[in-house]
Structures are given as C-alpha cells and as structure tokens.
Amino acid sequence: MAVYEQKQALEAPSSTKGAIHWIKENLFSSPLNTIMTLMGFGFLYIIIPPLLQWAYFDANFVGTTREQCTGDGACWVFIKMKMDMFLYGFYPETELWRLKAIVIMFVALVIGLRFIKSGKVKFGIVFSYFIISLILTAGGIFGLESVPTDKWGGLMLTIVVASVGIVFSFPIGIIVAFGRQSNLPIIRSVCVTYVEMIRGVPLITILFMSSVILPLFFPEGISFDKLLRALIGITLFQAAYVAENIRGGLQAIPKGQYEAADAIGLSYWQKMLLVILPQALKVAIPNLAGAFISLFQDTTLVLIIGLFDLLAMVRITAADSHWLGMETEGYVFVTVIFWAFCYGMSRYSNKLEKQFDTNLK
Amino acid sequence: MKDNNVIEIKNLNKWYGDFHVLKDINLEVKKGEIIVVCGPSGSGKSTLIRCINYLEQFQEGSIVVDGIEVTDDIKKIKALREDVAMVFQHFNLFPHLSILDNLTLSPIWVKNMPKKDAIATAMKFLDRVGIAEQADKYPNQLSGGQQQRVAIARSLCKNPNIMLFDEPTSALDPEMVSEVLDVMVELAKEGRTMICVTHEMGFAKKVADRVIFMDAGQIVEENTPKKFFDNPESDRLKLFLDQILSH
Ligand SMILES: Nc1ncnc2c1ncn2[C@@H]1O[C@H](COP(=O)(O)OP(=O)(O)OP(=O)(O)O)[C@@H](O)[C@H]1O
Ligand SMILES: [Mg+2]
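Chains B and Z are the protein sequences, given in the same order. Going by numbering that gives the first Met the number 0, the first residue of the first sequence is number 0, and it counts up by one from there. Going by numbering that gives the first Met the number 0, the first residue of the second sequence is number 0, and it counts up by one from there.
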C-alpha cells in the first residue's frame with residue numbers, strides 16, 4: 000500500500016494557446032485545409048476590392064437626379080430618391096406619418112418590454128400594438144382616411160405579409176401539432192391530411208389557389224381583398240411547417256413528463272401549455288426560426304398574384320423613365336435589407352434559445 | 000366500502016393486448032396504512048399502482064379511492080388526482096421550471112391557490128425535505144437525491160391523502176438512497192396512507208404495516224413485515240428474498 004501526495008495543477012504550455020495557435024489549428028492544420036484557406040483568401044481578394052470600388056469609392060451619394068451620378072460606381076441617389084417607394088409602396092404621402100408612428104411605437108415597444116415582468120401584461124401590450132398598427136395601416140375608422148390594400152407595397156407589405164403569416168401560423172401550427180398526437184382518430188387524421196397536403200404543394204401554387212380558387216367558394220359579387228386572400232394562403236401554408244417543427248419538439252419530450260403532469264392533476268390543456276409545449280418549443284426553436292426566415296424570403300412570391308413587395312419595387316422604380324437601368328442598385332439595396340432582417344431573426348432565435356436553456360450547470 | 004378503507008381494489012384484471020399483466024387483484028388499504036410492494040421485474044407492480052391514479056386504464060374489476068370510483072370520467076379523475084400523489088422512479092421534474100415553480104404549478108392551476116400562498120406552501124415543504132435553499136435553481140442543477148426530494152415535496156404540495164411511490168430510490172446513486180428514505184420515513188410517521196413499490200427491505204421492516212409480494216401479475220403473498228421476512232410461506236417469495244438479500 001502507498002499514499003500519494005496531491006499534485007498541483009500546472010498552467011497549460013503556451014504552444015496550445017493564443018492567436019498563432021488558433022490559426023495553425025483552424026486554417027493550416029493539414030495540406031487540404033491549407034489549400035482551402037488559400038483559395039478562400041484568393042476568392043475574397045478577387046471579389047472584395049472591385050465591390051468596394053463600385054459600392055463606395057466610385058459611388059455617387061449626393062444629388063437628386065440621375066445626371067448628377069457622374070462617377071463610374073453605384074448611383075445611390077436613385078435609392079435615396081425612391082426611398083419612400085421602397086419602404087411604403089404607393090401609400091399616400093400625406094398618410095405616411097401613420098406608418099412612421101408604427102415604426103416609432105415598435106422601437107418604444109422593444110425597449111419598454113424589457114421593464115415589464117408579468118407575462119400577461121406583456122402579451123396584452125403586444126396584442127394592442129398589433130391592433131393599433133392594423134387600424135393605423137388600414138384606416139377607415141376613427142377619422143383615419145382608409146388606405147386600400149392595393150396601395151400597400153414595398154418593405155411595409157413584406158413586413159405585413161411576413162408578420163401576419165408568423166403570428167397566425169404559430170397558434171394554428173401548435174393546435175395541428177397537438178392534433179396529430181390526439182387519441183381521437185378523426186382529429187388525428189384531419190391534422191395529418193392537412194399537413195401532408197400542404198407540404199406536398201409549393202407556396203406559389205397555394206398563392207394561386209387562394210387568389211383564383213378561393214373566390215369561387217364565395218357568392219357572386221362578394222370579392223374579398225386580394226391581400227387578405229394571400230395572407231390566408233400564406234398562413235395556412237406556414238402553419239403546416241410550424242406544426243411539423245413543433246411535432247418534432249413534442250417527440251423529444253419523455254413520457255414521464257406527461258405522466259407527472261397528469262399525476263399532479265393538470266387538465267389536458269394545462270398539461271400541454273404549461274409543461275409540454277414550453278419544452279417542445281425549446282427543442283423546436285432553431286427549426287422554427289429557419290421556417291420563419293424562409294417565410295420572410297418567400298413573401299417575395301406575392302408578386303405573382305399582383306402584390307408589390309420590396310423586391311417587386313425594384314422593377315417598378317427602375318421602370319421610371321428618369322431612372323431606367325437602375326436595377327443593379329435596386330437589387331443590391333433590397334438584398335442588404337433582406338439580409339439584415341433575416342440575420343436579425345437568426346440572432347434573435349439564438350438569444351431565445353439561450354433564454355430557454357435551463358440545463359445550466 | 001368499509002369504514003376505514005381508503006383504497007379498495009376488487010377483481011382487477013388488466014391486459015396489454017394479449018398479455019395478462021394484472022390477474023384478479025384484490026387489495027384493501029386502510030387509512031394511514033403503509034404498504035410496501037415488492038416482486039421481480041415485470042411482475043406488474045408499477046402497473047398496479049399506476050391503475051390507482053388512473054395513469055393506466057384497466058379492463059375488468061373496480062378500484063375505489065376515498066369514495067371515488069376510478070373510471071374515465073374526467074371529473075372523477077380530477078378529484079382522484081387531487082387526492083392521490085405519485086413519486087416516480089425518474090423523478091419527472093419539469094426541467095424548464097425552477098424548483099419553486101415545479102412545486103407551485105399544481106396548487107396555482109389546479110387548486111386556484113393565490114400565488115403568495117402557493118409559494119409559502121411550497122417553501123414549507125421544500126424546507127421539510129431539506130432543500131429550501133435550492134428553490135430558485137433548476138432541476139438539472141441538483142443531484143439525483145435532491146431531485147427526488149423535490150419530487151416528493153411537489154407531490155406533497157396538494158396535500159394528498161394517499162401517496163404512491165414507484166421505486167423512488169432505484170435510479171439513485173447508493174450514497175443518495177438514504178437521504179430520500181429518511182424523508183419517506185418521516186412521511187410515514189405522519190399518518191398519510193402510502194403505497195411504496197420498493198426493494199429497500201430496511202425501509203419495509205422499519206415502517207411498513209404490510210408487505211405485498213407480486214409475481215407474474217398476481218399478489219402471491221401478503222403479510223406483516225416480520226412474518227414476511229422471517230417466515231415466508233410461498234416458495235417463490237423464499238426464492239425472491241434469497242436473491243435480493245444474498246449480498
Ligand atoms: N405499455 C405497455 N405495453 C405493453 N406491455 C407493457 C407496457 N408496460 C408494461 N408492460 C409489461 O407489463 C409487465 C409489467 O410491467 P410493470 O412495469 O408493471 O412491471 P414492474 O413489476 O413494475 O417491473 P419493474 O420492477 O421492472 O419496474 C412487464 O412484462 C412489461 O413488459
Ligand atoms: Mg416498475
């Protein structure tokens with residue numbers, strides 16, 4: 000038998016730390032890795048300088064007409080002059096304050112919500128915000144001039160379509176996902192059929208159907224709004240994907256969670272909403288975020304049924320006889336906006352994921 | 000129902016498909032009685048006690064708990080589950096809720112207790128099982144023994160008359176078994192009716208009023224702990240005791 004003395008912990012050798020070590024490990028760890036790294040840098044070297052030259056060094060920022068764009072680079076004057084079109088479509092200029100008010104309220108909302116603890120109050124505030132925004136955008140009551148939906152367009156239309164799609168598809172998707180787990184065969188098969196039918200069809204088809212076929216079910220003379228029809232189509236489409244993502248989350252929940260919830264006396268809905276759903280959502284967040292990001296991008300398809308979203312505005316503004324051939328600037332601008340929104344959504348989902356993480360050690 | 004019986008199980012039969020898992024079970028439990036159920040794996044112990052709070056349905060026979068007939072009637076199930084608590088082998092705490100929220104969930108939503116009172120009750124029971132200082136942590140931050148004590152506190156929060164334990168210590172590391180058993184011994188002294196599926200024979204000898212041996216879906220032998228361990232009658236029980244006590 001022997002007794003050993005306790006050993007001191009020593010500092011790790013310096014060759015395993017620091018920037019040089021990181022570069023060696025990650026960029027030049029093998030011949031293949033080294034070739035890929037060099038090719039990557041080479042690619043960036045070819046792409047970046049000319050892009051910067053065009054978009055910044057040779058670009059034109061000042062002025063109000065095309066003639067003032069004398070440099071070889073991009074003519075950002077075009078974007079500046081058409082900004083209202085890109086952002087608000089054909090929304091009447093005198094009413095634009097309403098949309099601006101919604102944006103300002105949104106900023107206030109984001110900041111304000113941090114200081115509110117109660118979930119119910121938060122929900123109430125967000126809900127009222129949606130209602131107020133809807134009233135402000137559409138008008139027609141409280142002395143606000145009515146703005147018909149064919150005047151809506153640009154980024155504002157993109158946001159309307161995406162947010163309505165997200166907000167309404169979410170609860171529908173949850174209910175459909177629960178339905179697929181139901182003990183009642185009828186409910187289960189209705190939900191399965193719904194999801195499988197929708198998922199077998201591209202969004203474009205659903206948009207066509209909702210704009211052409213949906214009206215056939217309504218009596219002659221009742222024509223309901225084109226945008227509303229698109230929103231219904233997109234919501235139903237998205238709900239099927241939300242349902243599938245949430246179902247994936249539900250499958251990750253062990254049976255013991257259901258049993259424990261039953262055993263402490265919770266009702267079916269209490270069990271699902273308080274115990275099962277929060278855990279399923281946590282698992283589903285990355286996939287749900289992916290689905291919502293694709294929805295945001297897919298909103299561009301509304302063009303084919305005659306709605307003019309942000310992307311469609313490029314063609315419309317560049318068709319202006321004063322600004323012919325400005326598509327490149329337009330598309331670059333729109334790309335940046337789309338990227339910013341999608342990146343924001345992706346960051347937000349990362350943040351949510353961390354917030355939900357209670358597996359802390 | 001006889002006067003001081005809290006549970007009466009009559010001619011209970013249950014099948015999983017073609018598999019006859021519970022065979023003609025008859026069992027009466029008096030108020031305040033502590034019953035220990037043991038038997039080989041797959042003998043139907045879990046299934047039996049899960050029938051009592053209707054986590055499992057059964058095809059034949061009847062169970063009456065505190066005057067409540069166990070059926071698929073939602074109102075009766077609700078009343079039943081307010082009266083009967085269950086502690087599981089794998090704790091089944093809700094990992095997305097803090098310890099405190101795990102405990103207050105049922106009082107707030109099922110009993111409509113004001114939040115303040117629910118928290119006070121929860122803290123009282125956490126203190127009772129010796130982990131009041133962990134109230135704000137999450138289940139995964141606790142050891143197995145602590146989690147099981149939280150689970151016991153959670154089941155106590157609705158002040159049940161009857162407590163069911165399904166092998167509460169068999170998922171625990173050896174050094175944590177006694178901290179959970181200590182809590183259970185304390186509970187046993189309080190006069191609550193308890194049915195414990197466990198192979199902790201020390202616990203059975205110390206607190207049980209009756210020990211039940213199940214095999215192949217049947218109650219094979221039922222006796223006071225002393226006779227059960229000292230003079231087992233059936234050969235199957237003798238063999239079983241040999242196996243679990245031999246090391
Ligand atoms: N959902 C189910 N479907 C089919 N058979 C099942 C189901 N649940 C349990 N069984 C079977 O029923 C029998 C009794 O199971 P039960 O869980 O009650 O046994 P147990 O005595 O608790 O055993 P253990 O000590 O392993 O927990 C076992 O043979 C098991 O395989
Ligand atoms: Mg068992």
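Quick reminder that beta carbons are idealized off the backbone N, C-alpha and C, glycines included.
The chain-ordered list of residues whose CB is nearer than 5 Å to some heavy atom of ligand 1 reads Tyr15(Z), Val20(Z), Ser40(Z), Gly41(Z), Ser42(Z), Gly43(Z), Lys44(Z), Ser45(Z) and Thr46(Z). A residue is called buried when at least 16 other Cβ atoms come within 10 angstroms of its Cβ; Ile110(B) does not meet this threshold and is exposed. In this model, Thr46(Z) and Lys188(Z) are separated by some 26 Å (Cα to Cα).
Under DSSP, the beta-bridge partners assigned to Arg209(Z) are Ile34(Z). At least one CB of chain B lies nearer than 7 Å to the CB of Tyr137(Z). Cys50(Z) and Asn12(Z) have their C-alpha atoms spaced approximately 10 Å apart. Excluding five sequence positions before and after Leu95(B), the CB atoms of its chain that fall closer than 8 Å to its own CB belong to Asp83 and Tyr87, given in chain order.
In the structure shown, Lys226(Z) falls within a helical segment according to DSSP collapsed to helix, strand and coil. Chain order gives no chain B residues near Pro113(Z), where near means a beta carbon separation below 7 Å; the closest approach is about 15 Å.
In terms of Cβ geometry, Asn244(B) and Asn182(B) do not form a close pair [threshold 7 Å]. Residue pairing by DSSP places Val335(B) in no beta bridge whatsoever. Here Ser210(B) has Arg228 and Ile304 as same chain residues with Cβ atoms under 6 Å from its own Cβ, once five neighbours each way along the sequence are excluded.
Ser168(B) is classed as buried because its beta carbon has at least 16 other beta carbons within 10 Å across all chains shown. For Lys13(Z), the three-state secondary structure derived from DSSP is strand.
In this structure, the straight-line span from the alpha carbon of His198(Z) to that of Gly232(B) is close to 59 Å. With a threshold of 7 Å between beta carbons, Phe93(Z) makes contact with chain B. In the structure shown, the three-state DSSP call for Thr69(B) is coil. By DSSP's assignment, Ser61(Z) forms a beta bridge with Lys9(Z).
The stretch 45-93 of chain Z is shown to contain whole beta strand (DSSP E) runs of 3 or more residues at 59-64 and 83-86, in chain order. In the DSSP assignment, His20(B) falls within the alpha helix (DSSP H) that extends over Gly17 to Leu26.
Taking Ile130(Z) as the centre and dropping the five residues before and after it, the same chain places the C-beta of Gln145, Arg148 and Val149 closer than 7 Å to its C-beta, in chain order. Contact between Val86(Z) and Ser154(Z) holds, since their C-beta atoms are separated by about 6 Å, short of 8 Å. When DSSP states are grouped into helix, strand and coil, Lys157(Z) belongs to the coil group. Per DSSP, reduced to three states, the secondary structure at Lys204(Z) is helical. Between Phe85(B) and Leu154(B) a beta carbon distance of about 6 Å is seen, short of the 8 Å cut, so the two are scored as contacting.
Under the 10 Å beta carbon count, Met183(Z) is surrounded by 16 or more other beta carbons and is classified as buried. DSSP, reduced to helix, strand and coil, places Lys81(B) outside both helices and strands of the structure shown, so it counts as coil.
In the structure shown, Glu221(Z) falls within a strand segment according to DSSP collapsed to helix, strand and coil. Proximity of the stretch 337-350 of chain B to the stretch 267-277 of chain B falls short of the contact definition, fewer than three beta-carbon pairs being nearer than 8 Å. Here Leu21(Z) carries a strand assignment [DSSP, helix/strand/coil].
C-alpha of Ile8(Z) to C-alpha of Gly60(Z): approximately 8 Å in a straight line. For Glu326(B), the secondary structure class from DSSP, reduced to helix, strand or coil, is helix. Contact annotation, Ala176(B) with Ala242(B): C-beta distance approximately 4 Å; criterion of less than 8 Å satisfied. Below 8 Å, too few C-beta pairs join the stretch 116-133 of chain B and the stretch 60-77 of chain B to call them touching: fewer than three. Contact between Glu328(B) and Ile284(B) does not hold, since their C-beta atoms are separated by about 36 Å, which reaches or exceeds 8 Å.
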